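Quick note on numbering: the sequence shown equals residues -16 to -1, 1 to 200 in mature numbering (1 follows the signal peptide of the UniProt record, and there is no 0).
Glycine included, C-beta positions come from ideal geometry on N, C-alpha and C.
Every value quoted in this text rests on a predicted model; they were computed, and no experiment measured them.
Notes follow once the structure below has been shown.
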Amino acid sequence: MRYLLLFFLLSSGVFASRLTIQFNTFIELMGQKYGPARVTVARNWQTMLVRTQNKPEQQQILIVNDFFARNLRYQTDIQLWKQNDYWATPLETLGRGLGDCEDYAIAKYISLRALGVSDDKLRLIYVKAKLAGTNKTQAHMVLGYFATPNAQPLILDSLITKVLPAAKRVDLSPVFSFNSQGLWANNSTKSVASPTARLSRWRKILEQTSQEGVMW
């Protein structure tokens, strides 16, 4: 009975103190755009969120990270969208089953917000990732989870499936980070700007996901 109630809350979008996902809308759009096979994946996402929502945050992070590692394959924006830099919504990412670093990070961020993880504990972090065996770096995005404001973040990444503390990710150099509340330069603890004002792609994500059932 309890499980059925939780499933109803997620389906209807009544999800107190959490980012709301109207799964009726999301699943209908998934079927229209990507067909019945991808509807199954959307329902699996919904079920994962229902079953995970009462677990401790540390477990939620691992479960969400594992879900996208199992259900997505990495593909560059050029290959997938014929664009140099495209940020996809969870509908687009799960619909295609493909995405790059931003797409993984955004989908995990929205999932954890839907589970009730506070926005001030999560940041999408733009980094320079060192390429193995070279001194070269490439632009990359990860999701950081901060248990407390001054805590070392745990890093959820598309490059590796294991969630590790930032101190163990010596290959990553932070440039800036953001969430739906603010934008931070490097390791600053003070927001320097509105993320929607500075990041047009993030603004597009907020607007498009709102049309796809994610209620900010």
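Q) Looking at the structure shown, is A169 part of a helix, part of a strand, or coil, going by DSSP? A) Reduced to three states, the DSSP call for A169 is strand.
Q | Spatial neighbours of P158 in its chain, beta-carbon cut-off 7 Å, leaving aside the 5 residues before and after | A | Result list for P158: I109, V111, N170, N171, in chain order.
(Q) In whole angstroms, give me the CA-to-CA distance for M(-16) and T60. (A) Since pLDDT at M(-16) reaches only 40, below the 50 mark, its modelled position is unreliable, and the value read off the structure follows with that caveat. Cα atoms of M(-16) and T60: separation of roughly 43 Å, rounded to the nearest angstrom.
(Q) Just verifying my parser: in three-state terms, what is the DSSP assignment at F52? (A) Correct three-state label for F52: helix.
Q: Identify which residue in D104, K152, R185, A89 has its Cα closest to the Cα of D141.
A: Of the listed residues, the one whose Cα sits closest to D141 is A89.
Q. What are the boundary residues of the alpha helix (DSSP H) that T193 is part of?
A. For T193, the enclosing alpha helix (DSSP H) covers residues 184 to 195.
Q. Distance, Cα to Cα, N38 vs T118?
A. Distance between the alpha carbons of N38 and T118 is about 43 Å.
Q. What are the complete alpha helix (DSSP H) segments, minimum 4 residues, inside the segment 4 to 67?
A. Segments of the alpha helix (DSSP H) lying fully in the segment 4 to 67: 7 to 18, 20 to 36, 41 to 55, 61 to 65.
(Q) Assuming contact is defined by CB atoms lying nearer than 9 Å, are A131 and K92 in contact in what I supplied? (A) No, they are not a contact pair.
Q: Could you tell me if S95 is buried or exposed, where buried requires 16 or more neighbouring beta carbons within 10 angstroms of its beta carbon?
A: Classification for S95: buried.
**Q.** Segment limits, alpha helix (DSSP H) that includes T77
**A.** T77 -> alpha helix (DSSP H) spans 74 to 80.
Q. When the distance is taken between beta carbons, is A113 closer than 9 Å to L138?
A. Cβ atoms of L138 and A113: not closer than 9 Å.
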